[in-house]
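**Student:** Starting off with a structure, shown below.
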Amino acid sequence: MTMPDFAPVSLRDAARAVVATPVIADKLARADATGALWQAGDLPLLDDARDRPLAGRPGRPARPELLPPNRMPRRSTGVHGRIALIHALAHIELNAVDLAFDILARFADPALPRAFHDNWLQVGVEEALHFRLLDARLAALGAAYGDLPAHDGLWDAARVTADTVLARLAIVPMVLEARGLDVTPALISKMRRAGDDDTVAALEVIYRDEQGHVGFGVHWFLHVCARDGLDPMPTWQEIVRSRFRGRLKPPFNDTARSRVGLDPALYQPLAEEEAAEAAARKASAPAS
66 MTMPDFAPVS
76 LRDAARAVVA
86 TPVIADKLAR
96 ADATGALWQA
106 GDLPLLDDAR
116 DRPLAGRPGR
126 PARPELLPPN
136 RMPRRSTGVH
146 GRIALIHALA
156 HIELNAVDLA
166 FDILARFADP
176 ALPRAFHDNW
186 LQVGVEEALH
196 FRLLDARLAA
206 LGAAYGDLPA
216 HDGLWDAARV
226 TADTVLARLA
236 IVPMVLEARG
246 LDVTPALISK
256 MRRAGDDDTV
266 AALEVIYRDE
276 QGHVGFGVHW
286 FLHVCARDGL
296 DPMPTWQEIV
306 RSRFRGRLKP
316 PFNDTARSRV
326 GLDPALYQPL
336 AEEEAAEAAA
346 RKASAPAS
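Next up, the structure:
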């Protein structure tokens, strides 16, 4: 797929443009076009003379209203609850498009194998498909992306890992996307109980692809650690301790995580540390 008004000078420049584009239809089309141009051999990796600077934040439409996590309204039940859930997932997938292309824009590197860039471009194109699948479900339910407020904390992961590819790999695929492996099977079951087979089908595509994305993250994290002479387990744990703002929340889908290379010995100690710290805080809190 090509676009007459889309003429990037390199893969980095194309990825920058995807992230910066505010109109969703154009963002998704540029994601697909970037994949086609790269696979056809029509883009160099870099063009130092003409590559444009990266945006601090992704381009976004005027809606949805973006709120801090603690101001997000509680979801209702029934069809309205399903719409709210699908809307929240669509917002996650739109952010995932930008996160994938930001990896390419920020960390495109001739010292990394071509397969690194191939893999993250594949992730970006698949995330664009995921958004389209969920957006179609919203339309079928009489809603649209932007109808409800959305969480504004997701881009923090890009901001706090903008300095090193190792940190970005540790947090985005190996924490955030890995969380999808934990929660998506339950969402599929919930939608199946509601008789929403079309949403089940969309979530099954997303779940399948998420496993590949986490696997890419693990593979390239290990690659960079080996290149730089770092021990992967303590390196990952220290990055997560110092940079991840949330919590590693059990229960974990250890089966799916292990299938793509995420050993429970990597993340379980951190989850246990966090649980112990939370219990200590609760015990020391004054009685109300």
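The opening position of the sequence shown corresponds to residue 66 in our numbering, with each subsequent residue numbered one higher.
All C-beta atoms, glycine included, are put in the ideal place defined by N, C-alpha and C.
1) Under the three-state reduction of DSSP, which class applies to residue 215: helix, strand or coil?
2) By DSSP, does residue 132 sit in helix, in strand, or in coil?
3) Out of curiosity, what's the CA-to-CA distance linking residue 170 and residue 92?
4) Using a Cβ-Cβ cut-off of 8 Å (strictly less than) and excluding sequence neighbours within five positions of residue 237, which residues of its own chain qualify?
5) For residue 111 and residue 325, what's the separation of their Cα atoms in angstroms?
6) Pick out whichever of 97, 346, 73, 154 has its Cα sitting closest to the Cα of residue 214.
7) What three-state label does DSSP hand residue 296 in the structure shown?
8) Quick one: what's got a C-beta closer than 6 Å to residue 211's C-beta in the same chain, skipping five residues either side?
9) Would you mind working out which of 231, 258, 316, 188 sits nearest residue 270, comparing C-alpha positions?
10) Output needed for residue 108: all residues of its chain with C-beta closer than 7 Å, excluding positions within five of it in sequence on either side, in chain order.
11) Is it true that the CB of residue 231 sits closer than 8 Å to the CB of residue 157?
12) Rounding to the nearest angstrom, what Cα-Cα distance links residue 206 and residue 150 in this structure?
13) With the cut-off set at 8 Å, would you say residue 166 and residue 285 are in Cβ contact?
14) On a Cα-Cα basis, can you pick out the residue from 312, 81, 159, 144 that is closest to residue 400?
15) Counting pairs of beta carbons, one from the region 305-319 and one from the region 328-339, are three or more of them closer than 8 Å?
16) Mind checking residue 88: buried by the 16 CB within 10 Å criterion, or exposed?
17) Using alpha carbons as the reference points, say which of 259, 82, 195, 199 lies closest to residue 144.
18) With 16 other CB atoms within 10 Å as the buried threshold, where does residue 133 fall?
19) Can you tell me the Cβ-Cβ gap for residue 185 and residue 122, rounded? I've got them flagged as a contact below 8 Å.
20) May I ask you to report which of helix, strand or coil DSSP gives residue 66?
21) Name the two residues that bound the continuous alpha helix (DSSP H) containing residue 239.
22) Between which two residues does the alpha helix (DSSP H) carrying residue 185 extend?
23) Cβ atoms of residue 289 and residue 327: under 8 Å apart, would you say?
24) Can you tell me where the alpha helix (DSSP H) holding residue 103 begins and where it ends?
25) When you compare the CB positions of residue 204 and residue 276, do they come within less than 8 Å of one another, or not?
**Tutor:** From the atom records:
1) strand
2) strand
3) 14 Å
4) 164, 168, 222, 223, 226, 282
5) 30 Å
6) 154
7) coil
8) 128, 129
9) 188
10) 73, 75, 76, 79, 102
11) no
12) 12 Å
13) no
14) A question about residue 400 goes unanswered here, because the residues of the chain that appear run from 66 up to 353.
15) yes
16) exposed
17) 259
18) exposed
19) So it is not a contact: roughly 20 Å between Cβ atoms.
20) Because residue 66 carries a pLDDT of 48, less than 50, the predicted location of this residue cannot be relied on, and the following value inherits that uncertainty. Coil.
21) Run containing residue 239: none; DSSP gives neither H nor E here.
22) 179-205
23) no
24) 89-104
25) no
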